[in-house]
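Taking it in order: structure first as structure tokens, then the write-up.
2 protein chains.
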Amino acid sequence: MSKKKQFVESITEMEEDFAQWYTDVVKQAELVDYGPVRGTMIIEPYGFAMWEHIRDELDRQIKETGHKNVSFPLFIPESLLQKEKDHVEGFAPEVAWVTHGGEEELGERICVRPTSEVLFCNYYSDKINSYRDLPKLYNQWSNVVRWEKTTRPFLRSLEFLWQEGHTAHATHEEAEAETAKMLDVYADVVENYLAIPVIKGRKTDMEKFAGANYTLTIETLMHDGQALQAGTSHLFGTGFAEAFDITYLDKEGKQQYVHQTSWGITTRLIGALIMVHGDNRGLVVPPRIAPTQAMIVPIAQHKEGVLDKAYDLRDQLASVARVDIDASDKMPGWKFNECEMKGYPVRIEIGPRDIEKNQVVIARRDNGEKEFVSLDDIETRLPELLEEIQANLFNQAYEHRATKTSIVKNMDELTTALKENPGFMKAMWCGDEACEEKIKEDTSVTSRCIPFEQEKVSDTCLCCGKEAKELVYWARAY
Amino acid sequence: MSKKKQFVESITEMEEDFAQWYTDVVKQAELVDYGPVRGTMIIEPYGFAMWEHIRDELDRQIKETGHKNVSFPLFIPESLLQKEKDHVEGFAPEVAWVTHGGEEELGERICVRPTSEVLFCNYYSDKINSYRDLPKLYNQWSNVVRWEKTTRPFLRSLEFLWQEGHTAHATHEEAEAETAKMLDVYADVVENYLAIPVIKGRKTDMEKFAGANYTLTIETLMHDGQALQAGTSHLFGTGFAEAFDITYLDKEGKQQYVHQTSWGITTRLIGALIMVHGDNRGLVVPPRIAPTQAMIVPIAQHKEGVLDKAYDLRDQLASVARVDIDASDKMPGWKFNECEMKGYPVRIEIGPRDIEKNQVVIARRDNGEKEFVSLDDIETRLPELLEEIQANLFNQAYEHRATKTSIVKNMDELTTALKENPGFMKAMWCGDEACEEKIKEDTSVTSRCIPFEQEKVSDTCLCCGKEAKELVYWARAY
Numbered sequence: 009m010s011k012k013k014q015f016v017e018s019i020t021e022m023e024e025d026f027a028q029w030y031t032d033v034v035k036q037a038e039l040v041d042y043g044p045v046r047g048t049m050i051i052e053p054y055g056f057a058m059w060e061h062i063r064d065e066l067d068r069q070i071k072e073t074g075h076k077n078v079s080f081p082l083f084i085p086e087s088l089l090q091k092e093k094d095h096v097e098g099f100a101p102e103v104a105w106v107t108h109g110g111e112e113e114l115g116e117r118i119c120v121r122p123t124s125e126v127l128f129c130n131y132y133s134d135k136i137n138s139y140r141d142l143p144k145l146y147n148q149w150s151n152v153v154r155w156e157k158t159t160r161p162f163l164r165s166l167e168f169l170w171q172e173g174h175t176a177h178a179t180h181e182e183a184e185a186e187t188a189k190m191l192d193v194y195a196d197v198v199e200n201y202l203a204i205p206v207i208k209g210r211k212t213d214m215e216k217f218a219g220a221n222y223t224l225t226i227e228t229l230m231h232d233g234q235a236l237q238a239g240t241s242h243l244f245g246t247g248f249a250e251a252f253d254i255t256y257l258d259k260e261g262k263q264q265y266v267h268q269t270s271w272g273i274t275t276r277l278i279g280a281l282i283m284v285h286g287d288n289r290g291l292v293v294p295p296r297i298a299p300t301q302a303m304i305v306p307i308a309q310h311k312e313g314v315l316d317k318a319y320d321l322r323d324q325l326a327s328v329a330r331v332d333i334d335a336s337d338k339m340p341g342w343k344f345n346e347c348e349m350k351g352y353p354v355r356i357e358i359g360p361r362d363i364e365k366n367q368v369v370i371a372r373r374d375n376g377e378k379e380f381v382s383l384d385d386i387e388t389r390l391p392e393l394l395e396e397i398q399a400n401l402f403n404q405a406y407e408h409r410a411t412k413t414s415i416v417k418n419m420d421e422l423t424t425a426l427k428e429n430p431g432f433m434k435a436m437w438c439g440d441e442a443c444e445e446k447i448k449e450d451t452s453v454t455s456r457c458i459p460f461e462q463e464k465v466s467d468t469c470l471c472c473g474k475e476a477k478e479l480v481y482w483a484r485a486y
Numbered sequence: 009m010s011k012k013k014q015f016v017e018s019i020t021e022m023e024e025d026f027a028q029w030y031t032d033v034v035k036q037a038e039l040v041d042y043g044p045v046r047g048t049m050i051i052e053p054y055g056f057a058m059w060e061h062i063r064d065e066l067d068r069q070i071k072e073t074g075h076k077n078v079s080f081p082l083f084i085p086e087s088l089l090q091k092e093k094d095h096v097e098g099f100a101p102e103v104a105w106v107t108h109g110g111e112e113e114l115g116e117r118i119c120v121r122p123t124s125e126v127l128f129c130n131y132y133s134d135k136i137n138s139y140r141d142l143p144k145l146y147n148q149w150s151n152v153v154r155w156e157k158t159t160r161p162f163l164r165s166l167e168f169l170w171q172e173g174h175t176a177h178a179t180h181e182e183a184e185a186e187t188a189k190m191l192d193v194y195a196d197v198v199e200n201y202l203a204i205p206v207i208k209g210r211k212t213d214m215e216k217f218a219g220a221n222y223t224l225t226i227e228t229l230m231h232d233g234q235a236l237q238a239g240t241s242h243l244f245g246t247g248f249a250e251a252f253d254i255t256y257l258d259k260e261g262k263q264q265y266v267h268q269t270s271w272g273i274t275t276r277l278i279g280a281l282i283m284v285h286g287d288n289r290g291l292v293v294p295p296r297i298a299p300t301q302a303m304i305v306p307i308a309q310h311k312e313g314v315l316d317k318a319y320d321l322r323d324q325l326a327s328v329a330r331v332d333i334d335a336s337d338k339m340p341g342w343k344f345n346e347c348e349m350k351g352y353p354v355r356i357e358i359g360p361r362d363i364e365k366n367q368v369v370i371a372r373r374d375n376g377e378k379e380f381v382s383l384d385d386i387e388t389r390l391p392e393l394l395e396e397i398q399a400n401l402f403n404q405a406y407e408h409r410a411t412k413t414s415i416v417k418n419m420d421e422l423t424t425a426l427k428e429n430p431g432f433m434k435a436m437w438c439g440d441e442a443c444e445e446k447i448k449e450d451t452s453v454t455s456r457c458i459p460f461e462q463e464k465v466s467d468t469c470l471c472c473g474k475e476a477k478e479l480v481y482w483a484r485a486y
């Protein structure tokens, strides 16, 4: 007997095949379709509206913290990409190369930006002269291209949308503070808007950004127990400044290198919210970033007065929430399924009997509960309820992560945890890259981060058994 | 003796060399810098903030008229670009080609989108099946690449930012109405936000978009008398639908081709506003899209209480206008020059004597007038004044255009007008492309549009002298 159930169209159950469930949801909820070049994506209206809500909130916070938006070019000359050694080694293998413009073959190959450090550095080296020019706090919303071998919508695609902040500071301390501040901004947006709890920490040297001194990260856990890096913030120190000769005259008249950072989040956040909140009926969207927070479904809409009342209700609620109405000629049951697939936080049912009683029925997507609400109270109750749902989604995800987090003391325990309860594994590490490599090769588990909140869960490295240096979160990851 | 004057840095006078004046303003007002690949541009914070204000208003109107934002890929396979014959002929010569991904040479070349018709068509052919799927009203904000030989910041660049709307409709009438509606939206934004008067009309077949039935346009006139096409809206009819097999089942159960449109405006609008409103002291930004509408300049700011009062004023005005304060240690004269170069609509001066009198001095950028305003009235007066400035800028531009518009009846009059008062030339045309070609070859003058508001200024074609069909606006153009 097939485990599939009949919704708008059937989707695979997540317990059966999580990857297929994900693909089904992404397609059925009309978030994304495939572009004609392998690995590229078309973000459809519903998916893009979600991105707009995430983007607008993050953009607000980026500006509030003193940053300014700019727009840098898509194209980088090959010679410019090669200026910082570690950086080019990290990115050159996955770059798309433009070799012809119109009919003409180019003298130098041009790379489609995989990230824009070298462009900002080139600009800063020209624009920064004195301490008065610092700090430079720039951000851009753009598309980047990375020639990935295997791709999945939102999670890993040939082209994706993101924001990339690039800053230059007079001192190491300022740059460190910036790196930490932007990680906090990311954590705020991911926790309080996407309702996904994060672990804040630092990447190991093996996992850090190509060219960075260190990389800070927020790590999240998906429903299937795999981790997903949700945002990163890099401290560059003076590495790029030395390669690009970005210096300033300090107050004492001495030439100094600037200290730089960069930080980014991408459309993969949408992938994260699908895999954290979704269920076998489809998507579940946190109210604060939901394009439609409440969908009104008229019941027996052919009866006199029902549709009028439903439209009145929509107008009444327009100033307190993002409300839409499904007045199509589909059956209510079909509309309900669609509401569930799309993950609208609540569905509001209004029919002849409700109208008689001056009430509506509100059905929550997160836990399926229903409540009757008087039309006199709904303008107060709906926003309140949306906040309850927002909080509940976060708490559910938090609980789920707790259940899926194990403490492991050695490789045997790690293997057992991987089999019995895959998720985050907290374990002590000696700090040796050889151990990290071995764990990755043997189990496909990678270090996610060295969390800011350190605990001592044992004395010895889970891999080599030597004296442990620090606690690390480990997991298989997207 | 040099005609240059000493401002923040000197800029060339527009009467001396308009092109150099433009370049100077663009650089000195810190709107844009050059990217490392020829013809690409870095839009700096001030320029980008201006774009954000234009974008946000246009985006609001695009959504209000029922369109939804999406995000389509940057890359187009060569075979897909070639599907519509006229379209590929128009665009292939100026396309950037990706031939390598990472280390691997691609089996098929990939084009960096110069525009996205073929991507939307490919998607629509998959998604549109029935009349219930129509209309499709999609828009995207994106970057596109055109391999132009000669480039200038904002006006013509290898890569630029724009929005492109792509719609599909059941009937020809609906598509026509859409094409006209979006031209009206563009006209509204350009006239009421950028304060630039437009001529609405239709392009001749020679000047229309590659693949369109017809192209509607809004044409504007720059300070030097050259025209600039500020936005276009194209009716495709069923041309693309036939090439891409985009059909739907109508209510009678018959397969029909969809009727399509596309429409776009770009960052060149910023170029237009520079060349319409700017003067020899720099930029002049219309208040409604000005990132900074009022700059507060404290006078004798070292004196006790001045800076405090200036900051209080900024806070007081924050809810009625976009207000900033220049509390740097530069001299007031220097700050004044900078205000003029940047084109802030007003400058607010506040010094010890003003504070004593409970007033400020407001200096207008558009006409240099100054007025004293009581601190009790400023919250009402400032927004009022900004609207007066907005209206005045439009009126000035309107007057200027009127002065620079000639009626010409033959080629001699056209040549004289070109020499003595270059600008728009209104003249009758027989409708023959041979005349249009000849005018272009002999004088570099192109047909700008066949205006919706037709007049009969003579009986015969300005070029061949045969019977005239319609009135055309002619000009040299950017």
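Same order as they appear, the protein sequences are chains A and B. Residue numbers are given in my numbering: position 323 of the first sequence equals residue 331, and the series is strictly consecutive. Residue numbers are given in my numbering: position 213 of the second sequence equals residue 221, and the series is strictly consecutive. Note that the Cβ used here is the ideal one computed from N, Cα and C, for glycine as well. In this text the structure is predicted, and so the values were computed from the model without any measurement.
Proximal chain B residues relative to A/T48, where beta-carbon distance stays under 8 Å = P81, L82 and F83
In the stretch 398-453 of chain A, which residue ranges form an unbroken beta strand (DSSP E) of at least 3 residues, counting only runs that do not cross its ends?
-> 413-415 and 432-437
Which listed residue (A/A308, A/M436, A/N403 and A/G286) has its alpha carbon closest to that of A/A27 | A/G286
A/V331 touches chain B at which residues, Cβ-Cβ below 9 Å?
-> Near A/V331 there are no residues of chain B at all, since even the closest Cβ is about 16 Å away, more than 9 Å.
Could you check where the beta strand (DSSP E) with B/P306 kicks off and where it finishes?
-> From DSSP, the beta strand (DSSP E) with B/P306 extends over A302 to P306.
Inter-residue Cα distance where the pair is B/S87 and A/V106 = Roughly 17 Å separates the two Cα atoms.
Buried or exposed: where does A/D64 fall if 16 or more other Cβ atoms within 10 Å of its Cβ makes it buried?
-> exposed
Go ahead and label A/N375 buried or exposed: buried means 16 or more other beta carbons lie within 10 angstroms of its beta carbon, across all protein chains shown.
-> exposed
Report buried or exposed for A/F460, applying the criterion of at least 16 other Cβ atoms within 10 angstroms of its Cβ.
-> Taking all protein chains shown into account, A/F460 has fewer than 16 neighbouring C-beta atoms within 10 Å of its C-beta and is therefore exposed.
My guess is that B/I50 and A/V78 are in contact by the Cβ rule of under 8 Å, so how many angstroms apart are they, rounded?
-> 7 Å
Return the Cβ separation of B/A176 and B/V34 in integer angstroms, given the expectation that the two are a contact with Cβ distance under 8 Å.
-> Between B/V34 and B/A176 the Cβ distance is about 38 Å, and since that is not below 8 Å, they are no contact.
Beta carbon proximity, B/V16 to chain A, threshold 8 Å = Unreliable positioning characterises B/V16 in this predicted model, as indicated by a pLDDT of 49, which lies under 50. A coordinate reading is not provided.
Which value, in whole angstroms, describes the spacing of the CA atoms of A/G351 and A/A371?
-> 12 Å
Length of the line joining the Cα atoms of B/M230 and A/V126 | 36 Å
Could you tell me whether the stretch 300-318 of chain B touches the stretch 470-478 of chain A, using the rule of 3 or more Cβ pairs below 8 Å?
-> no
Cβ neighbours of B/A425 in the same chain (closer than 7 Å, five flanking residues each side left out) | S414, V416 and M433
Looking at A/H61 and A/G173, is the spacing between their C-beta atoms short of 8 Å?
-> Contact: no.
Scan the stretch 253-328 of chain B and note each continuous alpha helix (DSSP H) run of 4 residues or more that stays entirely inside, going in chain order.
-> 276-285 and 314-325
Where the beta strand (DSSP E) through A/M49 begins and ends | M49 to I51
Distance between A/V206 and A/S7 (C-alpha atoms, nearest Å) = Beyond the ends of chain A as shown, which are 9 and 486, falls residue 7 of chain A; an answer cannot be given.
Spatial neighbours of B/R164 within its chain, please: CB distance less than 6 Å, with the 5 preceding and 5 following residues excluded, ordered by chain position.
-> E156
Establish whether the CB of A/T107 and some CB of chain B are separated by less than 8 Å.
-> yes
With C-beta atoms as the reference, is A/L39 less than 8 Å away from A/E21?
-> no
Identify the contact partners of A/K311 in chain B, using a Cβ-Cβ distance below 7 Å as the criterion.
-> The contacting residues do not exist; A/K311 stays about 24 Å from chain B at best.
Flag A/M9 as yes if its beta-carbon sits less than 8 Å from any beta-carbon of chain B, otherwise no.
-> Note that A/M9 scores 35 on pLDDT, short of 50, meaning its location in the model is unreliable; the coordinates nonetheless yield the value given after this. It does not: the Cβ of A/M9 has no partner Cβ on chain B nearer than 8 Å.
Report buried or exposed for A/D25, applying the criterion of at least 16 other Cβ atoms within 10 angstroms of its Cβ.
-> exposed
Answer with yes or no whether the minimum CB distance from A/E72 to chain B is below 8 Å.
-> no
Using the beta-carbon count (16 or more within 10 Å), is A/E215 buried or exposed?
-> buried
Under 8 Å by Cβ, that's how I've got B/L315 and B/A335 pegged, so tell me the actual separation to the nearest angstrom.
-> B/L315 to B/A335, Cβ: 6 Å. Contact.
How many Å lie between A/L66 and A/D196 at the Cα?
-> 9 Å
Cut-off 6 Å between Cβ atoms - residues of its own chain near A/G489, not counting five sequence neighbours on either side | No information on residue 489 of chain A is available, as it lies outside the stretch 9 to 486 that chain A covers here.
How many Å lie between B/L191 and B/L142 at the Cα?
-> 21 Å
Per DSSP, what kind of secondary structure is B/W155 in: helix, strand or coil?
-> Of the three classes helix, strand and coil, the one that applies to B/W155 here is coil, per DSSP.
Alpha-carbon spacing of B/S452 relative to B/F252, whole angstroms | Just so you know, the alpha carbons of B/S452 and B/F252 end up roughly 37 Å apart.
Could I get the ranges of all uninterrupted beta strand (DSSP E) runs contained in the stretch 157-245 of chain B, with 3 residues as the minimum, in chain order?
-> 167-177, 207-210, 222-229 and 235-245
Quick one, which of B/T225, B/Q69 and B/F80 has its alpha-carbon nearest B/Y132's?
-> B/F80
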